[in-house]
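In UniProt numbering, the protein residues as written are 1 to 371.
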């Protein structure tokens with residue numbers, strides 16, 4: 001595939017990192033702005049996949065999307081080199097390389113039944129890949145503008161699509177029929193997500209407002225003014241009682257969905273927030289331009305931990321079971337084991353605990369992960 005110029009916002013060190021599954025602490029840890037004491041770090045082991053550059057490229061690809069398969073055996077990643085990669089979560093090896101896009105792949109999503117993977121991005125196409133040994137993509141739809149986010153409904157019968165325009169579209173997966181098209185709150189939509197009850201979808205983008213639309217017919221249910229700048233990610237709480245949003249205005253907004261409830265911003269940090277995922281009930285992980293994964297208790301409105309190690313903006317997050325996955329502009333994928341065990345002395349009151357990507361020789365895993 002011909003090389004297309006790709007946008008890079010990487011630290012020079014990222015291109016020279018070695019590529020073992022486990023990086024030693026001296027290599028994997030990057031001091032983040034404002035972090036001066038990690039003696040009370042979270043004891044969250046992290047396995048690291050370092051992507052490599054293709055022979056015709058100077059630098060490895062950045063990762064701006066990731067998705068963990070429902071069975072928890074593989075994880076898909078995508079980014080600016082137009083390729084979707086599937087990695088084994090057992091040993092970190094690349095098991096598939098899906099090549100059909102002609103530009104940046106901005107979004108991927110597995111169907112809940114695990115049978116399909118949707119991918120889309122700057123080439124304006126949605127591709128559906130069967131999760132088989134030798135998948136052949138089905139070109140699902142082609143839009144007039146770049147596509148920023150796709151999401152399957154839980155029953156895998158519908159696919160919601162938004163992009164760099166105002167239209168929100170819901171398609172039938174079986175035949176690609178457009179079920180409805182509705183207007184989002186603004187042009188340049190960046191994220192769409194189904195509510196846990198599957199009765200509504202939330203969409204947001206450049207203007208900072210969030211719109212809830214009916215899955216049945218696309219009618220507007222409710223609008224929220226949540227941010228002053230572009231919203232980058234939306235996440236419903238698992239019980240559907242509130243909606244978390246993050247954005248470029250450096251805020252994390254928690255919006256209760258009960259009638260008349262007023263949303264609240266979590267304490268502000270000096271960083272653009274680019275990604276978010278719930279990793280436990282009431283616990284939200286967010287990633288941003290300070291190279292950190294920040295952990296929040298959204299019930300208490302408290303930051304409870306920091307995970308360091310990335311050397312570029314954290315653009316993608318995902319969680320399943322006891323695993324939290326993070327990836328971004330440093331061209332690495334990090335797989336954290338979620339644990340409440342704390343290493344070192346207790347943190348001072350009001351001080352978030354800090355986790356790193358430590359050396360874990362007891363895993364006994366060999367250097368793997370060719371690109």
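For every residue, glycine included, the Cβ atom is placed at its ideal position computed from N, Cα and C. Quantities reported herein were computed from a predicted structural model and do not represent experimental measurements.
Euclidean distance between Cα positions of residue i and residue j
i: residue 216; j: residue 57; result: 46 Å
i: residue 210; j: residue 55; result: 43 Å
i: residue 147; j: residue 131; result: 22 Å
i: residue 239; j: residue 299; result: 13 Å
i: residue 176; j: residue 192; result: 18 Å
i: residue 22; j: residue 274; result: Legend: pLDDT at residue 22 = 40, less than 50; position of this residue unreliable, value from coordinates given subsequently. Going from the Cα of residue 22 to the Cα of residue 274 covers about 26 Å.
i: residue 46; j: residue 198; result: 33 Å
i: residue 258; j: residue 81; result: 42 Å
i: residue 3; j: residue 83; result: With a pLDDT of 42 at residue 3, under the threshold of 50, the modelled position of that residue is not reliable, and the figure given next carries that caveat. If you take the alpha carbons of residue 3 and residue 83, they lie about 12 Å apart.
i: residue 306; j: residue 174; result: 42 Å
i: residue 120; j: residue 108; result: 7 Å
i: residue 281; j: residue 237; result: 8 Å
i: residue 287; j: residue 322; result: 18 Å
i: residue 186; j: residue 88; result: 39 Å
i: residue 344; j: residue 304; result: Its pLDDT being 33, under 50, residue 344 is placed unreliably by the model, and the measurement read from it follows with that caveat. Between residue 344 and residue 304, the C-alpha separation is close to 16 Å.
i: residue 124; j: residue 141; result: 8 Å
i: residue 253; j: residue 102; result: 35 Å
i: residue 334; j: residue 242; result: 28 Å
i: residue 71; j: residue 262; result: 37 Å
Delimiting residues of the beta strand (DSSP E) encompassing residue i
i: residue 223; result: 220 to 225
i: residue 130; result: 125 to 130
i: residue 180; result: 178 to 183
i: residue 296; result: 293 to 297
i: residue 120; result: 116 to 121
i: residue 88; result: 83 to 88
i: residue 138; result: 138 to 142
i: residue 262; result: Residue 262 -> no beta strand (DSSP E), and no H or E assigned at all.
i: residue 148; result: 147 to 152
i: residue 239; result: Looking at the DSSP string, residue 239 is not in any beta strand (DSSP E), and its letter there is neither H nor E.
i: residue 65; result: 63 to 68
i: residue 305; result: 302 to 307
i: residue 48; result: 46 to 50
Per DSSP, the bridge partner or partners of residue i
i: residue 325; result: 318, 335
i: residue 250; result: Residue 250 pairs with nothing; no bridge assigned.
i: residue 194; result: 201
i: residue 278; result: 284
i: residue 209; result: 225
i: residue 106; result: Looking at the DSSP assignment, residue 106 forms no beta bridge with any residue, so it has no partner.
i: residue 170; result: 160, 180
i: residue 78; result: 65, 84
i: residue 97; result: 85
i: residue 230; result: The partner list for residue 230 (beta bridge, DSSP) is empty, contrary to what the question assumes.
i: residue 55; result: Residue 55 pairs with nothing; no bridge assigned.
Inter-residue CB distance, residue i and residue j (contact presumed, cutoff 8 Å)
i: residue 50; j: residue 331; result: 7 Å
i: residue 66; j: residue 276; result: That pair is no contact at about 13 Å.
i: residue 106; j: residue 122; result: 7 Å
i: residue 204; j: residue 222; result: Their Cβ separation, rounded to whole angstroms, is 13 Å, which puts residue 204 and residue 222 out of contact at 8 Å.
i: residue 245; j: residue 255; result: 7 Å
i: residue 289; j: residue 310; result: So it is not a contact: roughly 11 Å between Cβ atoms.
Cut-off 6 Å between Cβ atoms - residues of its own chain near residue i, not counting five sequence neighbours on either side
i: residue 137; result: 100, 127, 129
i: residue 225; result: 209
i: residue 181; result: 167, 169
i: residue 111; result: 152, 156
i: residue 94; result: 85, 87
Contact set for residue i: own chain, Cβ-Cβ below 8 Å, skip 5 residues either direction
i: residue 260; result: none
i: residue 201; result: 151, 160, 168, 170, 192, 193, 194, 195, 212, 213, 215
i: residue 115; result: 130, 131, 156
i: residue 69; result: 75, 76, 110, 114, 131
i: residue 73; result: 88, 89, 90
Residues near residue i by beta carbon distance below 7 Å, same chain, minus five either side
i: residue 279; result: 285, 319, 324, 338
i: residue 113; result: 156
i: residue 172; result: 157, 158, 179
i: residue 164; result: 145, 146, 148, 188
i: residue 250; result: 268, 269, 270, 271, 272, 273
i: residue 248; result: 229, 230, 232, 272
CB contact below 8 Å: residue i versus chain B
i: residue 303; result: In summary, chain B is missing from the structure at hand, where a single protein chain is found.
Residue i Cβ short of 7 Å to the ligand PLP heavy atom set
i: residue 151; result: Ligands in the displayed structure: none, and consequently the ligand PLP is not present.
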